[in-house]
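Trainee:
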Amino acid sequence: MGDGEVSRRIVRTVLVRLGTSLLVLWGAVTAAFVALHLTPGSVVDALIGSNTVTPQVRAQIIADYGLDRPLWRQYLAYLGRILHGDLGRSYQLHESVASALGSQLAPSLQLTLVSIGLALIVSTPLALFTARRRRWIRALSSGIELVGVSIPTFWAAILLLTVFSFRLGWFPAAGATGFGGLVLPAVAVAIPVTALLTQVTREGLERVLEEPFVLTARARGMSDAGVRTRHALRHAALPAVTFAGWLFGLMLGALVPVEQIFSRPGLGQLLLTAVGGKDLPIVMGVVLFTALVYVVVSSTLDVLYLVIDPRLRGAAR
Amino acid sequence: MLRARRPAGPALAAAAVLAAALALAGCGGTDAAGGTGSGTPVRGGTLVYAVNTEPVNLDPHASPQDVTGLFTRPALDSLVALDAKGGVHPWLATAWKISADQKSYTFTLRTGVKFSDGTPFDAAAVKTNLDHIVDPRTKSQLAAGFITPYTGTTVLDDHTVRVDFSRPHSPFLAALATAYFGIESPASLKKGPDYLARHVVGTGPFVIDAFTPHQGITYHRNPDYNWGPEGAAHTGPAYLDKLQIKTLTEDSVRLGALTSGQVDGIASVPPANVRQVKANPRLTILSREAPGGNYNYYPNTASGVFADLRVRQAFRAGIDFRTIVRKLYFGTFSPASSPIAPNTVGYDPATGNLGAYDPAQAARLLDEAGWTGRDAQGYRTKDGRRLVVRWSFAKAFAREQRDVLAVQVQAEAKKLGIDVRFEDGTFTELIARQVRGDYDLADFSWQRADGDALRNLFASASISTPRSFGQNSARYKDPQVDGWLNAALATTDLAQRSALYAKVQQKVLADGAVFPVYVFDYLLGANKRAHGIAWEPQAYPTFYDAWVTGK
Chain A
1 MGDGEVSRRI VRTVLVRLGT SLLVLWGAVT AAFVALHLTP GSVVDALIGS NTVTPQVRAQ
61 IIADYGLDRP LWRQYLAYLG RILHGDLGRS YQLHESVASA LGSQLAPSLQ LTLVSIGLAL
121 IVSTPLALFT ARRRRWIRAL SSGIELVGVS IPTFWAAILL LTVFSFRLGW FPAAGATGFG
181 GLVLPAVAVA IPVTALLTQV TREGLERVLE EPFVLTARAR GMSDAGVRTR HALRHAALPA
241 VTFAGWLFGL MLGALVPVEQ IFSRPGLGQL LLTAVGGKDL PIVMGVVLFT ALVYVVVSST
301 LDVLYLVIDP RLRGAAR
Chain B
318 MLRARRPAGP ALAAAAVLAA ALALAGCGGT DAAGGTGSGT PVRGGTLVYA VNTEPVNLDP
378 HASPQDVTGL FTRPALDSLV ALDAKGGVHP WLATAWKISA DQKSYTFTLR TGVKFSDGTP
438 FDAAAVKTNL DHIVDPRTKS QLAAGFITPY TGTTVLDDHT VRVDFSRPHS PFLAALATAY
498 FGIESPASLK KGPDYLARHV VGTGPFVIDA FTPHQGITYH RNPDYNWGPE GAAHTGPAYL
558 DKLQIKTLTE DSVRLGALTS GQVDGIASVP PANVRQVKAN PRLTILSREA PGGNYNYYPN
618 TASGVFADLR VRQAFRAGID FRTIVRKLYF GTFSPASSPI APNTVGYDPA TGNLGAYDPA
678 QAARLLDEAG WTGRDAQGYR TKDGRRLVVR WSFAKAFARE QRDVLAVQVQ AEAKKLGIDV
738 RFEDGTFTEL IARQVRGDYD LADFSWQRAD GDALRNLFAS ASISTPRSFG QNSARYKDPQ
798 VDGWLNAALA TTDLAQRSAL YAKVQQKVLA DGAVFPVYVF DYLLGANKRA HGIAWEPQAY
858 PTFYDAWVTG K
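Chains A and B are the protein sequences, given in the same order.
Position one of the first sequence corresponds to residue 1 (this note's numbering), numbered consecutively onward.
Position one of the second sequence corresponds to residue 318 (this note's numbering), numbered consecutively onward.
(1) Identify the contact partners of G787(B) in chain A, using a Cβ-Cβ distance below 8 Å as the criterion.
(2) Which residues bound the alpha helix (DSSP H) around I735(B)?
(3) Taking 7 Å as the limit between beta carbons, can you name the residues of its chain near A195(A), skipping five residues before and five after?
(4) Please determine, among A619(B), T649(B), L826(B), the residue with the shortest C-alpha to C-alpha distance to A673(B).
(5) Give a yes or no on whether 8 Å exceeds the smallest Cβ distance from E567(B) to chain A.
(6) Name, please, each residue of chain B whose Cβ falls closer than 7 Å to the Cβ of E95(A).
(7) Relative to the C-alpha of A589(B), which residue among V642(B), Q718(B), N543(B), Y612(B) is closest?
(8) When DSSP labels each residue in this structure, what does N446(B) get in the three-state scheme?
(9) Please classify P437(B): does DSSP put it in a helix, a strand, or coil?
(10) I want to see whether chain B comes within less than 8 Å of I261(A), judged by CB atoms only; does it?
(11) My parser needs the beta strand (DSSP E) runs of 3 or more residues fully inside the segment 397-432 of chain B; what are they?
(12) Rounded to whole angstroms, what's the CA-CA distance from L36(A) to T124(A)? Just pull it up for me.
(13) Is there contact between the segment 24-34 of chain A and the segment 289-301 of chain A, where contact requires at least three CB pairs shorter than 8 Å?
(14) Quick check: L747(B) and A711(B), are their CB atoms within less than 8 Å of each other?
(15) Report the residue from L722(B), R738(B), L733(B) whose alpha carbon sits nearest the alpha carbon of W708(B).
(16) For the candidate residues T363(B), A491(B), S487(B), D452(B), whose alpha-carbon lies nearest to that of W408(B)?
(17) Roughly how many whole angstroms lie between the Cα atoms of A686(B) and P488(B)?
(18) Say whether the segment 799-809 of chain B touches the segment 569-579 of chain B, bearing in mind that this needs 3 or more beta-carbon pairs closer than 8 Å, one atom from each stretch.
(19) What is the DSSP secondary structure of V662(B), counted as helix, strand or coil?
(20) If you count every other CB in all the chains shown that lies within 10 Å of the CB of D439(B), and 16 or more means buried, which is it?
(21) Below 7 Å CB to CB, which residues in the same chain sit around V580(B) once its five sequence neighbours on both sides are set aside?
(22) Can you find a CB in chain B that lies within less than 8 Å of the CB of G41(A)?
(23) Taking the straight line between their C-alpha atoms, what separation do you get for V586(B) and Y756(B)?
(24) For P372(B), count neighbouring Cβ atoms within 10 angstroms of its own Cβ and tell me buried if that reaches 16, exposed if not.
(25) Between which two residues does the beta strand (DSSP E) harbouring L560(B) extend?
(26) Using alpha carbons as the reference points, say which of W544(B), I464(B), A723(B), R605(B) lies closest to D394(B).
(27) Can you find a CB in chain B that lies within less than 8 Å of the CB of V258(A)?
(28) Answer yes or no: does any C-beta atom of chain A fall closer than 8 Å to that of Y857(B)?
(29) Would you call the segment 781-796 of chain B in contact with the segment 604-623 of chain B, where contact means no fewer than 3 C-beta pairs closer than 8 Å?
(30) Alpha carbon to alpha carbon, how far is F623(B) from V44(A)?
(31) What three-state label does DSSP hand W864(B) in the structure shown?
(32) Which residue wins for smallest C-alpha separation from Y664(B), given the options N369(B), H449(B), F714(B), K402(B)?
(33) Using 8 Å as the threshold, is the C-beta distance between I116(A) and I261(A) below it?
(34) Roughly how many angstroms lie between the CA atoms of V705(B) and T668(B), to the nearest whole one?
(35) Around the Cβ of L473(B), are there at least 16 other Cβ atoms within 10 angstroms (buried) or fewer (exposed)?
(36) Please state if the CB of Q561(B) and the CB of T363(B) are separated by a distance shorter than 8 Å.
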């Protein structure tokens with residue numbers, strides 16, 4: 001095929017990708033808007049809560065947030081603002097959605113990255129060591145992984161605190177900044193992630209170790225460790241990377257209880273508070289942001305596949 | 318109200334329906350020091366206190382949360398201080414006069430007071446504060462509602478102001494003593510709601526360093542402070558160099574932080590853990606009865622099965638609330654007999670003799686009301702319809718094992734042949750039902766250091782409508798009660814007001830408009846190195862007189 005055709009294909013692929021990404025973002029925002037409005041109770045009642053306010057205050061709240069407009073107009077106005085890059089203002093936090101997201105993003109990002117790092121560092125050697133080993137080693141490892149996946153993050157966090165903070169006093173209980181305050185929350189978030197990653201990587205490894213080229217490598221006199229790390233791991237990484245997009249969602253879910261228990265600022269706390277209080281601009285802002293991250297992560301992964309697996313490079317043409 | 322987190326309005330802030338968040342409170346000045354231990358106070362050190370919820374908005378003029386009062390009280394003084402008996406004492410105002418028609422209050426202000434930003438405190442500052450509270454742009458969810466007849470403030474000279482009302486409003490001084498009427502620096506009020514939501518500047522014994530949402534707040538001592546409320550244990554600056562309040566939402570985490578010595582005190586010790594804390598030689602429990610509405614159940618008197626007085630009376634008589642409360646809380650909370658707590662101004666001790674457990678009488682009343690049939694499950698029926706009570710309940714926000722309590726009440730009701738069904742929901746859903754009147758039973762507590770709490774609970778004007786929310790969950794409407802409540806507004810004489818409030822309590826109990834459950838105590842767990850923690854009339858701890866000894 002000619003060069004012209006190739007570039008046209010690439011342009012088309014990028015445009016399709018961009019189009020579906022926009023569709024995903026629009027869908028996420030719309031679903032959040034509808035869901036929040038389907039729950040009973042009006043926004044103004046939720047904002048006022050169980051207080052008795054003067055009629056003037058009620059009127060002021062309605063006027064400030066345009067709550068007297070029909071829903072479809074509130075929806076269109078919101079979409080219009082997003083297109084201009086304006087996420088709106090929180091109903092309750094006395095700041096813009098962008099600044100609320102901005103101030104809570106860093107702590108959550110820090111926690112997420114440290115947890116992922118921790119999960120990779122632990123799960124990779126664990127998978128390498130346990131793949132195609134004696135039965136009892138595998139059974140022990142899967143047992144531990146099953147526990148890791150199954151225990152609620154909430155409970156694991158409390159347990160970690162009880163042992164390492166209240167009993168041993170190695171780490172501050174909660175509300176601490178700095179590295180000491182990051183360890184326990186990161187471990188709590190990393191537990192289920194590590195367990196899942198180990199399982200997926202090991203399964204990938206075991207499949208690869210059955211392949212004929214592994215036999216060839218061994219026949220060349222390559223050591224077992226060399227076969228595992230140089231050849232098999234690279235193949236096994238593909239399913240694990242696919243999994244990373246999904247992992248991101250899992251971690252965001254874990255942030256909610258962990259940030260709450262450890263009194264850490266972050267997106268989880270922001271979202272929890274906003275959903276409870278029908279703070280629509282914040283909820284939609286967080287949803288839009290996470291959808292955006294998801295889109296970026298999955299697009300990046302598609303590129304990564306090409307790097308990891310040369311066979312796909314041909315397929316992309 | 319629920320002290321839990323309040324939705325959105327916070328949110329988490331936590332809250333609870335009708336309850337919750339709102340706890341209002343009137344906080345006032347300090348009264349006798351509670352606190353741990355004794356000895357000679359020492360200057361210096363830091364006290365760290367952990368609470369279970371945090372303000373969504375730090376400006377007490379706007380926020381309705383009880384925790385906003387707790388967070389800002391160290392930095393804010395009020396014009397007057399309230400003692401536990403309802404007596405009013407000088408603070409930033411040295412004297413006051415009430416006009417003969419009870420509509421005007423003239424205050425003489427203390428001289429030589431300045432805000433921590435250097436602005437002098439004067440008559441104009443008082444006017445700016447009160448006008449700020451009622452300004453619709455402040456969106457006050459609590460304070461403005463306490464002074465609805467407010468017409469304006471006049472500066473008579475630098476240190477004299479007159480506050481006018483369109484009609485007599487006797488709860489004014491008690492409201493003025495709360496942190497929700499704390500006097501903020503006029504210079505900081507000018508910076509608008511967004512600034513105030515994170516920064517509060519006052520004349521108080523402590524100055525706020527930083528309020529960090531989801532973490533807490535830190536303060537340092539105001540070295541110039543020399544204008545504490547009458548009734549405080551000492552004068553001059555606070556003893557502590559620093560004060561820190563941390564937000565630790567989870568009960569087990571807060572408790573663990575206390576037992577491991579990481580904090581000096583915690584709010585809301587779970588009743589189930591009180592004995593554990595008391596057994597620890599390094600720790601102690603300080604408790605303080607909260608005035609205002611007890612934790613009560615309110616039957617919907619306007620529609621449904623409880624519209625029949627006999628069914629309401631049967632529910633109260635046929636369930637042994639006192640025994641259930643005693644067994645569940647091991648004596649930590651006492652059973653209630655009036656809608657308001659014994660230490661509320663205007664409490665009627667005679668209510669203690671009412672509401673005896675009498676299942677035979679309950680059965681007779683239900684027979685009389687026509688619920689004579691029985692269905693296959695043993696529930697009473699009338700015209701083939703089962704006697705069902707729909708209870709609007711927010712399990713997720715239930716604190717102090719109120720959900721366990723509710724299940725025990727449900728089991729007792731079954732013995733009477735009443736089918737109690739929980740209609741669980743979020744805070745917002747419960748509010749929506751409250752507005753529609755779509756429930757048979759509701760439950761909440763409503764703290765406030767004044768008998769006027771009865772007006773919130775039982776005045777016909779406090780019934781929720783789509784246009785305004787009110788705490789009269791019983792949807793109770795009685796011209797006589799409305800008359801007494803209004804008469805109480807027109808007199809500042811405590812004896813007269815108490816007599817009127819006693820009549821209200823007797824009448825609403827006779828009418829079965831409330832099933833009193835338990836009296837809430839603020840349970841504070843403290844390390845014995847912390848001393849001199851005192852209480853506001855609203856039952857929140859204050860730290861002006863507090864001091865710490867070495868670790």
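Virtual Cβ for every residue (Gly too), placed ideally from N, Cα, C.
Mentor: Here's the rundown:
(1) Looking up residue 787(B) in the second sequence gives position 470. Chain A residues near G787(B): T52.
(2) What you label residue 735(B) is simply residue 418 of the second sequence in a count that begins at 1. Counting along the chain, I735(B) falls outside any alpha helix (DSSP H), and DSSP gives it neither H nor E.
(3) Walking along the first sequence from the start, residue 195(A) turns up at place 195. E145, G148, V149, listed in sequence order.
(4) As a position in the second sequence, residue 673(B) is number 356, starting the count at 1. Nearest C-alpha to A673(B): L826(B).
(5) Counted from its first residue, the second sequence places residue 567(B) at position 250. At least one chain A Cβ lies under 8 Å of E567(B).
(6) Residue numbering aside, residue 95(A) sits at position 95 when the first sequence is read from its first letter. Simply D511.
(7) As a first step, residue 589(B) must be located in the second sequence, where it is residue number 272. For A589(B), the nearest C-alpha among the options comes from Q718(B).
(8) Along the second sequence, one-based indexing puts residue 446(B) at 129. N446(B) falls in the helix class under three-state DSSP.
(9) Numbered from its first residue, the second sequence carries residue 437(B) at position 120. It is a strand residue.
(10) To locate residue 261(A), count along the first sequence from 1; it is residue 261. It does: the Cβ of I261(A) has a partner Cβ on chain B nearer than 8 Å.
(11) 397-399, 405-407, 410-415, 421-426
(12) To locate residue 36(A), count along the first sequence from 1; it is residue 36. To locate residue 124(A), count along the first sequence from 1; it is residue 124. About 41 Å.
(13) yes
(14) Numbered from 1 along the second sequence, position 430 holds the residue referred to as residue 747(B). Numbered from 1 along the second sequence, position 394 holds the residue referred to as residue 711(B). Yes. Within cutoff.
(15) Stepping through the second sequence from its first residue, residue 708(B) is reached at position 391. Closest option to W708(B), Cα to Cα, is R738(B).
(16) Numbered from its first residue, the second sequence carries residue 408(B) at position 91. Nearest of T363(B), A491(B), S487(B), D452(B) to W408(B), Cα basis: A491(B).
(17) Along the second sequence, read from residue 1 onward, the residue named residue 686(B) stands at position 369. Along the second sequence, read from residue 1 onward, the residue named residue 488(B) stands at position 171. Near 40 Å, if we compare the C-alpha coordinates of P488(B) and A686(B).
(18) no
(19) As a first step, residue 662(B) must be located in the second sequence, where it is residue number 345. Of the three classes helix, strand and coil, the one that applies to V662(B) here is coil, per DSSP.
(20) The residue given as residue 439(B) occupies position 122 in the second sequence. Per the 10 Å Cβ criterion, buried.
(21) Stepping through the second sequence from its first residue, residue 580(B) is reached at position 263. Excluding positions up to five away in sequence, the list reads V365, Y366, A367, K563, A574.
(22) Reading the first sequence from its first residue, position 41 is the one you call residue 41(A). Judged by the 8 Å Cβ criterion, G41(A) is in contact with chain B.
(23) Within the second sequence, the letter at position 269 stands for residue 586(B). Within the second sequence, the letter at position 439 stands for residue 756(B). Their backbone Cα atoms lie some 31 Å apart in a straight line.
(24) For the purposes of this step, residue 372(B) is taken as the residue at position 55 of the second sequence. Per the 10 Å Cβ criterion, buried.
(25) In the second sequence, the residue the question calls residue 560(B) occupies position 243. That run of the beta strand (DSSP E) goes 559-564.
(26) Position 77 of the second sequence, counting from 1, holds the residue named residue 394(B). Of W544(B), I464(B), A723(B), R605(B), the residue nearest in Cα terms is W544(B).
(27) Position 258 of the first sequence, counting from 1, holds the residue named residue 258(A). So no, V258(A) is outside the interface.
(28) Locating residue 857(B) in the second sequence gives position 540, counting from the first residue. Cβ-Cβ to chain A under 8 Å: no for Y857(B).
(29) yes
(30) Walking along the second sequence from the start, residue 623(B) turns up at place 306. Walking along the first sequence from the start, residue 44(A) turns up at place 44. Taking the straight line from one Cα to the other gives about 29 Å.
(31) Taking the first residue of the second sequence as 1, we reach residue 864(B) at position 547. In this structure, W864(B) counts as strand in the three-state DSSP scheme.
(32) On the second sequence, position 347 is the one that residue 664(B) refers to. Answer by Cα proximity: K402(B).
(33) By 1-based counting over the first sequence, the position of residue 116(A) is 116. By 1-based counting over the first sequence, the position of residue 261(A) is 261. In this structure, I261(A) does not lie closer than 8 Å to I116(A) by Cβ.
(34) Indexing the second sequence from 1 puts residue 705(B) at position 388. Indexing the second sequence from 1 puts residue 668(B) at position 351. Approximately 29 Å, taken between the alpha carbons.
(35) Within the second sequence, residue 473(B) is the residue found at index 156, counting from 1. The residue is exposed, with fewer than 16 neighbouring Cβ atoms inside 10 Å.
(36) Here residue 363(B) refers to the residue found at position 46 when the second sequence is read from its first residue. Here residue 561(B) refers to the residue found at position 244 when the second sequence is read from its first residue. Their beta carbons are under 8 Å apart, which means T363(B) touches Q561(B) by this criterion.
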